[in-house]
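Below: the structure, in structure tokens.
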Amino acid sequence: MVNPFSKGTEFEIYGSTTRTANDHHHLTEQRKSNFNQRPPLAPVNSVSPATNSAVQFQPTAITTSFQATLNMNLWLQQNNPGLLARFSEPSNTRSGLACTNTSPRTHVSAAKALSPISMPNPQEHATAENLLPKLPSINQDYARITENLKHWNLELTDQLNSANQQLRSSQDTISSLKYRLIEQERAQTHHNHRSAAVRPERSYVITPKFIRPVMSSTTRPEEPVTPSPTKELSLMKAFDSPSTPTKPQPPPAPQHPPTRSFRRRHHRTATPEQRSIRAMMGNKPVFTVGMGPQNDRCLLFDFFEHIKQWAAAYTVHIKSLNAEQVHNLSAHLALAGSLGKPSQLMVLVTEQDMLIAMVASVVCRHMWTYALDEHSIYASGHPQADICEELAWKWTTIPLDNHEAKHDLLLAQQEIYTAIKNAPDHKTWRAACAERLTTKLLSDLNGLLATSLFPAALTDRNHTLSELYVKGYRIGFRLRMAATKWQFQWPSPGAEFNPGTMVNESRMLYGNVLRTMGEVMKDPRAHEVLFAVSPTVTRSEFSAGHEQRAVVHNALVHITHKGYA
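Quick note: the sequence shown uses the UniProt record's numbering, first residue 1, plus one each step.
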């Protein structure tokens, strides 16, 4: 009997022929004799994993099952070579049962490659999950990259904040140095004046250019210089040391701080007070007797200026926020909706007073939508909104050159808005809308307003904003209670700067105000709009048979150099 594992007996697992004919003859005879002696085998599918792992393989049993294994290998080569390749992988071998051959392909497990008992079932293991390669999971890599990007953004925000603080400190240092230089120049000028005044050969005092020197009559060098009683004293008198008075002087009147009388009377109107008749009216202020209304240009400018003042008073300070909060400002819904790209806002919010301007822009847009626009009545939910919307639709159907029809429609608009304004419940509706819109806007500005305020300050903040809404409704009705057409145009981010319809609010773009004004007006087309705080307001009249168009309010915009985005 020939041992198939003895030295010199080499065979090919993946082939159907042996190395020598003599070995093949002995192998065939041995297989026949062992086939009758071996015990019956259980079906392959009925062998449990525990039983399979406990089977002890002997060379005789391996030899008897070799023909079945060869047949299985031939079938796998013809029908499923991929599964056959999986059987020959090193991971499928078992320790102690590896077959040693001269070919690298024959280094497989005897239990897996030769034994029919341990042969895996093709139908059981040939599934897509086992045969197809597993795709690499990228969830962990994506989370790691996202975390790194967030960390880098926070670091960039910290660097921007520190750079802005250094810039502000440098500007303060420069300002203090300039102030000290001016003080030194004044002291030097004062010293020169005193030195020139004591010279006996000079009969006048050297004074600055903006002060006319006081000339005395020609005198000899030994004569003293006496001021003329008919002319004003020389500037030298002002620089002399104060003399002690010979008579007792009354104590000076106490200096009181300015009272509220210097401030504006009311948030909703700027009509001057008739002080000449206040005594006749029982010491009660009267604002409308004999005084015409404020013109449209000043009225709109004051309204948008009051909004800017409200934003400056109640916007959160950028220094009170940490890096993550500053980073989240660029994605705020109130800012990212209409003020530009988040990448630009990320840099803008860290600049000085830029967040205040953004909040003012949001408030102006909100009040324009609900109080100033021609569709504001509809947006506010007025019961007569359908009539006003029909007027706006009819305007779009009139030809451009039909100025008479436009004027007739504007007269109808004047009557309708006047009737709505004079309704008994108009003020009640206006106050209710102001309160509702104030609550809505404060909710939209959550995260942009200061929170560390006293209850009285919070009440004043909400009341002032409500009064601004009331003033907005008053202006909106006043504009349409005349036969004029009003248009509001908001400059979009990236638009070219037009000095005819816009006003630059970025006054420190070139370092100082004067240089910025000169550079911008020298080449306005080299600048573009970052965002607009207020719209451009135009007025058109058609009573003369043609359109008379005028810009009543120029848009307040922040600009930068072209190509910034």
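C-beta atoms are modelled at their ideal positions from N, C-alpha and C, and glycine is treated no differently.
Exercise. Taking C-alpha atoms, which residue in Q548, T69, W152, E435 lies nearest to E467?
Worked result: E435
For this session: Compare the C-alpha of W429 against each of Q384, G82, L556 and name the closest.
Result: Q384
Exercise. How many Å lie between K421 and L411 at the Cα?
Worked result: 15 Å
Exercise. Per DSSP, L154 forms a beta bridge with which residues?
Worked result: For L154, which the question treats as bridged, DSSP gives no partner whatsoever.
For this session: Below 8 Å on the Cβ atoms is my guess for F497 versus P524; work out the distance and round it to an integer in Å.
Result: 5 Å
Problem set entry | Contacts around N71, its chain only, beta-carbon distance under 7 Å, and the 5 residues preceding and following it disregarded | none
Exercise. Around the C-beta of I182, are 16 or more other C-beta atoms found within 10 angstroms, so that it is buried, or is it exposed?
Worked result: exposed
Exercise. Around the C-beta of M358, are 16 or more other C-beta atoms found within 10 angstroms, so that it is buried, or is it exposed?
Worked result: buried
For this session: Throw me the rounded Cβ distance for the F304 and C364 pair, which I believe falls under 8 Å.
Result: 6 Å
Problem set entry | For I559, the nearest candidate out of A495, T157, N328 (CA to CA) | A495
Problem set entry | Distance between L479 and G511 (C-alpha atoms, nearest Å) | 39 Å
Problem set entry | R144 versus W310: straight-line alpha-carbon distance, rounded | 43 Å
Exercise. In angstroms, rounded to a whole number, what distance separates the CA positions of Q489 and L372?
Worked result: 12 Å
For this session: Report yes if the C-beta distance between Q414 and M481 is below 8 Å; otherwise report no.
Result: yes
For this session: Return the residue from the list Q294, L348, T418, N153 that minimises the CA-CA distance to I318.
Result: L348
Problem set entry | Exposed unless 16 or more other CB atoms sit within 10 angstroms - verdict on S376 | buried
Exercise. Which one or two residues does DSSP pair with F531 in a beta bridge?
Worked result: H558
Exercise. Would you report the Cα separation of K432 and P399, rounded to the nearest angstrom?
Worked result: This sequence places Ala at residue 432; Lys is not what is there. For A432 and P399, the distance between alpha carbons rounds to 39 Å.
Exercise. For T157 versus V326, is the C-beta distance shorter than 8 Å?
Worked result: yes
Exercise. Nearest-angstrom Cα distance between A423 and H332?
Worked result: 40 Å
For this session: Hey, could you find the ends of the beta strand (DSSP E) V552 is sitting in?
Result: 548-553
Problem set entry | Integer Cβ distance of L445 from A334, believed to fall under 8 Å | 6 Å
Exercise. Under a three-way DSSP split, which group does residue 577 fall into?
Worked result: This structure cannot settle anything about residue 577, because the visible part of the chain is limited to 1 through 565.
Problem set entry | Proximity winner among N153, A555, Q165, H407, relative to Q352 (alpha-carbon distances) | Q165
Exercise. Beta-carbon separation of A555 and M502 under 8 Å?
Worked result: yes
Exercise. Do you know how far the Cα of N402 is from the Cα of E528?
Worked result: 36 Å
Exercise. Less than 8 Å separating the beta-carbons of Y469 and L437?
Worked result: yes
For this session: If I'm right that K562 touches A526 with Cβ under 8 Å, what's the distance once you round it to whole angstroms?
Result: 6 Å
Exercise. Roughly how many angstroms lie between the CA atoms of R474 and L299, to the nearest whole one?
Worked result: 11 Å
Exercise. Expressed to the nearest angstrom, what Euclidean distance is found between the alpha-carbon atoms of H441 and L177?
Worked result: The sequence as given places Leu at residue 441; His does not occur at that position. Their Cα atoms are separated by approximately 44 Å.
Exercise. So is L167 buried or exposed if we call it buried at 16+ other beta carbons inside 10 Å?
Worked result: exposed
For this session: Classify W75 as helix, strand or coil using the three-state DSSP reduction.
Result: helix
For this session: Give the DSSP bridge partners of K485, in chain order.
Result: S540
Problem set entry | Burial state of T146 (16 or more Cβ within 10 Å) | exposed
For this session: Mark V362 as exposed unless 16 or more other C-beta atoms lie within 10 angstroms of its C-beta, in which case mark it buried.
Result: buried
Exercise. Rounded to a whole number of angstroms, what is the C-alpha to C-alpha distance between S169 and R297?
Worked result: 38 Å
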